[in-house]
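For reference, the structure is listed below as structure tokens.
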Amino acid sequence: MLTTRTDEMPRDEPARALRGVPAPRTPATTDVARLRVSAKTVVADGVLALELIAPDGGRLRDWTPGSHIDLVLPDGLTRQYSLCGDRWDCATYRVGVLREPGGRGGSAYVHDELAVGDLVGVGGPRNNFPLVPAEHYLFVAGGIGITPLLPMIAQADALGADWRLLYGGRRRGSMAFLDELARYGDRVLVRPEDEFGLLDLAGFLGEPRPDVRLYCCGPAPLLAAVEGGCAGWPPHALRTERFVAEVRGAPARSTSFEVELARTGVTVTVPPGTSVLDAVGAVGVEVLSSCRQGICGTCESAVLAGRPDHRDSLLDDEERAAGDSMYICVSRASSDRLVLDL
Ligand code: FES
Numbered sequence: 307m308l309t310t311r312t313d314e315m316p317r318d319e320p321a322r323a324l325r326g327v328p329a330p331r332t333p334a335t336t337d338v339a340r341l342r343v344s345a346k347t348v349v350a351d352g353v354l355a356l357e358l359i360a361p362d363g364g365r366l367r368d369w370t371p372g373s374h375i376d377l378v379l380p381d382g383l384t385r386q387y388s389l390c391g392d393r394w395d396c397a398t399y400r401v402g403v404l405r406e407p408g409g410r411g412g413s414a415y416v417h418d419e420l421a422v423g424d425l426v427g428v429g430g431p432r433n434n435f436p437l438v439p440a441e442h443y444l445f446v447a448g449g450i451g452i453t454p455l456l457p458m459i460a461q462a463d464a465l466g467a468d469w470r471l472l473y474g475g476r477r478r479g480s481m482a483f484l485d486e487l488a489r490y491g492d493r494v495l496v497r498p499e500d501e502f503g504l505l506d507l508a509g510f511l512g513e514p515r516p517d518v519r520l521y522c523c524g525p526a527p528l529l530a531a532v533e534g535g536c537a538g539w540p541p542h543a544l545r546t547e548r549f550v551a552e553v554r555g556a557p558a559r560s561t562s563f564e565v566e567l568a569r570t571g572v573t574v575t576v577p578p579g580t581s582v583l584d585a586v587g588a589v590g591v592e593v594l595s596s597c598r599q600g601i602c603g604t605c606e607s608a609v610l611a612g613r614p615d616h617r618d619s620l621l622d623d624e625e626r627a628a629g630d631s632m633y634i635c636v637s638r639a640s641s642d643r644l645v646l647d648l
């Protein structure tokens, strides 16, 4: 495998973490790179690790822990996967792919069709789940939800933070990357359900503490349980990454609105029942999308004027109030007109 390792962290990275400056969200990009599959390895029952390199072996775009890429597969499907490799290896991306029998075909394609040597499109990386600086971290992973947490743990450990991981799964054999986690010793609690039963979240989380940040990724019931367990914690203590969208009520308005595309110089009318993404696509403005549920961040678009009706599962309350960015696959307008930087 072609691997080039940078010999040190970017100079400002540990310093920034210690100064308490939040890790920035990765700005949206619609560029799609062509990368080659350099390795495909079974890492647990139903889970593959896929490694991707540039065809010329060159440097890939930088990323930070919590980032994901959009995989644009040769059959036209686009799926997002968390980067779970070594962020200081600037020539290789690694993602973990769970075979999802009830899925829409993307994971089956990766498992059954995609071969070493194939070219795939890759959008991003983008980060909707950034690791903010803290002295203490609690990580909770369920199943394939371990993937975004692996680079977070590596960074927390490299910075000398105090951290612990609670990692649940159905069976030990279905839990990926246990071998890589073994080096962290008793900081990691591996809790397969067939051996230990349901996760003891209350025991792991303990009492609310202002100096702890919690990161959780996994299936919806686990996220709901952790959110319930953190009810008494300070706002923003818990950050989660979702595989399924939160349930939203009716849109703010039931009538059409206009969207002006500032760079294209076109104005489109978005009727009820049509997404902004589809409406702008109908006039030839293609915005990269993936989940179309407001959970992956791929379609993020900058708002120059107007008030968005945010219907995604990504932005927090402050980001919604700022109103300068929206996910156009699901979010709409509460004002008569929006101006987007498209
Ligand atoms: S396509 Fe995933 S957030 Fe819009």
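To get the working numbering, take the position in the sequence shown, counting from 1, and add 306. Glycine included, C-beta positions come from ideal geometry on N, C-alpha and C. Source: prediction; values computed, not measured.
Under 8 Å: do the stretch 405–417 and the stretch 571–578 share three or more Cβ pairs, one atom per stretch?
Per the Cβ contact rule, the stretch 405–417 is not in contact with the stretch 571–578 (fewer than 3 Cβ pairs under 8 Å).
Integer Cβ distance of ALA543 from VAL428, believed to fall under 8 Å
On the sequence shown, residue 543 is found 237 positions in, with the first residue counted as 1. On the sequence shown, residue 428 is found 122 positions in, with the first residue counted as 1. Beta-carbon to beta-carbon, ALA543 and VAL428 are separated by about 33 Å, too far to satisfy the 8 Å threshold.
Which whole-angstrom value is the C-beta distance of GLU552 and SER619, which I expect to be below 8 Å?
Within the sequence shown, numbered from 1, the residue matching residue 552 stands at position 246. Within the sequence shown, numbered from 1, the residue matching residue 619 stands at position 313. Indeed, because the Cβ distance is near 4 Å, the residues count as touching under 8 Å.
Under 6 Å Cβ to Cβ from PRO330, same chain only, skipping five residues before and after it: list those, please.
Start at 1 with the first residue of the sequence shown, and residue 330 comes out as number 24. The predicted model places PRO330 with a pLDDT of 38, which falls under 50 and marks its position as unreliable, so this point remains unresolved.
Would a C-beta distance cut-off of 7 Å place THR546 and LEU529 closer than the cut-off?
Within the sequence shown, the letter at position 240 stands for residue 546. Within the sequence shown, the letter at position 223 stands for residue 529. LEU529 sits close to THR546, with the two beta carbons spaced by under 7 Å.
In the DSSP assignment, what residue or residues form a beta bridge with GLU513?
For this step, residue 513 is matched to residue 207 along the sequence shown. DSSP lists no partner for GLU513.
Where do the ends of the beta strand (DSSP E) carrying LEU425 lie?
Start at 1 with the first residue of the sequence shown, and residue 425 comes out as number 119. Per DSSP, LEU425 belongs to the beta strand (DSSP E) from 425–432.
Given a cut-off of 7 Å on the beta-carbon distance, is the pair VAL438 and LYS346 in contact?
Your numbering for residue 438 matches position 132 in the sequence shown. Your numbering for residue 346 matches position 40 in the sequence shown. Contact flag unset, no.
With contact counted as at least three CB pairs below 8 Å, one residue from each stretch, are the stretch 372–381 and the stretch 441–448 in contact?
Look at the beta carbons and you see the stretch 372–381 not touching the stretch 441–448: under three pairs across the two are nearer than 8 Å.
Count the CB pairs spanning the stretch 380–394 and the stretch 496–511 that are closer than 8 Å, and state whether there are at least three.
In this structure the stretch 380–394 does not touch the stretch 496–511; the number of beta carbon pairs closer than 8 Å is below three.
Which term fits GLY503, buried or exposed, when burial requires 16 or more other beta carbons within 10 angstroms of its beta carbon?
Position 197 of the sequence shown, counting from 1, holds the residue named residue 503. GLY503 comes out exposed.
Taking all protein chains shown into account, decide if ARG548 is buried (16 or more other Cβ within 10 angstroms of its Cβ) or exposed.
Walking along the sequence shown from the start, residue 548 turns up at place 242. Looking at its Cβ environment, which holds 16 or more other Cβ atoms inside 10 Å, ARG548 is buried.
Cα-Cα separation between TYR387 and HIS374, rounded to whole angstroms:
For the purposes of this step, residue 387 is taken as residue 81 along the sequence shown, with counting starting at 1. For the purposes of this step, residue 374 is taken as residue 68 along the sequence shown, with counting starting at 1. If you take the alpha carbons of TYR387 and HIS374, they lie about 5 Å apart.
Pick helix, strand or coil for VAL327, following the three-state DSSP scheme.
Taking the first residue of the sequence shown as 1, we reach residue 327 at position 21. Because the pLDDT at VAL327 is just 32, under 50, the model does not fix this residue reliably, and the value given afterwards should be weighed accordingly. It is coil, neither helix nor strand.
Alpha carbon of VAL426 to alpha carbon of TYR415, nearest angstrom:
For the purposes of this step, residue 426 is identified with residue 120 of the sequence shown, where counting begins at 1. For the purposes of this step, residue 415 is identified with residue 109 of the sequence shown, where counting begins at 1. Distance between the alpha carbons of VAL426 and TYR415 is about 12 Å.
For a test of the three-state rule: what should DSSP assign to GLN599, helix, strand or coil?
Walking along the sequence shown from the start, residue 599 turns up at place 293. Here GLN599 sits in coil by DSSP.
Heavy atom of the ligand FES within 6 Å of ARG598 beta-carbon:
For the purposes of this step, residue 598 is taken as residue 292 along the sequence shown, with counting starting at 1. Yes, Cβ of ARG598 sits closer than 6 Å to a heavy atom of the ligand FES.
Any heavy atom of the ligand FES closer than 6 Å to the beta-carbon of TYR633?
On the sequence shown, position 327 is the one that residue 633 refers to. Checking the 6 Å criterion, the Cβ of TYR633 is within range of a heavy atom belonging to the ligand FES.
The stretch 453–473 contacting the stretch 517–524, beta-carbon criterion three pairs below 8 Å:
Touching, yes.
When burial is assigned at 16 or more other CB atoms within 10 Å of the CB, is GLU606 buried or exposed?
The count along the sequence shown starts at 1 and reaches residue 606 at position 300. So GLU606 ends up on the buried side.
Determine contact between the stretch 459–479 and the stretch 553–568, defined as no fewer than three beta-carbon pairs at a distance below 8 Å.
Fewer than three pairs of CB atoms, one per stretch, sit closer than 8 Å, so the stretch 459–479 makes no contact with the stretch 553–568.
Does DSSP put GLY449 in a helix, a strand or coil?
One-based indexing of the sequence shown puts residue 449 at position 143. Looking at GLY449 - three-state DSSP - the assignment turns out to be helix.
Is the beta carbon of LEU644 closer than 7 Å to that of ARG569?
Taking the sequence shown and counting its residues from 1, the one referred to as residue 569 is at position 263. Taking the sequence shown and counting its residues from 1, the one referred to as residue 644 is at position 338. 7 Å or more divides the Cβ of ARG569 from the Cβ of LEU644.
Delimiting residues of the alpha helix (DSSP H) encompassing VAL586
Stepping through the sequence shown from its first residue, residue 586 is reached at position 280. In the DSSP assignment, VAL586 falls within the unbroken alpha helix (DSSP H) covering 582–588.
Which term fits LEU646, buried or exposed, when burial requires 16 or more other beta carbons within 10 angstroms of its beta carbon?
In the sequence shown, counting from the first residue as 1, residue 646 sits at position 340. Answer is buried; the Cβ neighbour count reaches 16.
Would you check if the stretch 457–466 and the stretch 627–645 touch, i.e. whether three or more CB-CB distances between them fall below 8 Å?
They do not touch, by the three-pair rule.
Mind checking whether GLY612 and ALA639 have CB atoms under 7 Å apart?
Position 306 of the sequence shown, counted from the start, is the residue given in the question as residue 612. Position 333 of the sequence shown, counted from the start, is the residue given in the question as residue 639. In terms of Cβ geometry, GLY612 and ALA639 form a close pair [threshold 7 Å].
Please return the same chain residues whose Cβ sits closer than 8 Å to the Cβ of PRO540, not counting the five positions on each side in sequence.
The residue labelled residue 540 in the question sits at position 234 within the sequence shown. Excluding its 5 nearest sequence neighbours in each direction, PRO540 has C-beta neighbours in its own chain below 8 Å: PRO514 and PRO516, listed in chain order.
At a cut-off of 6 Å, is CYS522 close to the ligand FES when judged by its beta-carbon and the heavy atoms of the ligand?
Mapped onto the sequence shown, residue 522 falls at position 216. Not so, every heavy atom of the ligand FES lies at least 6 Å from the Cβ.
Whole beta strand (DSSP E) elements within the stretch 349–415, 3-residue minimum
The stretch 349–415 contains these whole beta strand (DSSP E) runs: 353–359, 374–378, 384–388 and 399–404.
Taking C-alpha atoms, which residue in THR580, LEU472 and LEU567 lies nearest to PRO557?
For the purposes of this step, residue 557 is taken as residue 251 along the sequence shown, with counting starting at 1. Taking only the C-alpha atoms, the option nearest PRO557 is THR580.
How about ASP424 and VAL343: do their beta carbons lie closer than 7 Å?
As a working mapping, residue 424 is identified with position 118 in the sequence shown. As a working mapping, residue 343 is identified with position 37 in the sequence shown. Yes, the pair counts as a contact, with Cβ atoms nearer than the cut-off.
Starting from GLU606, trace the beta strand (DSSP E) in both directions and tell me its first and last residue.
For the purposes of this step, residue 606 is identified with residue 300 of the sequence shown, where counting begins at 1. 606–611 is the span of the beta strand (DSSP E), which, as asked, contains GLU606.
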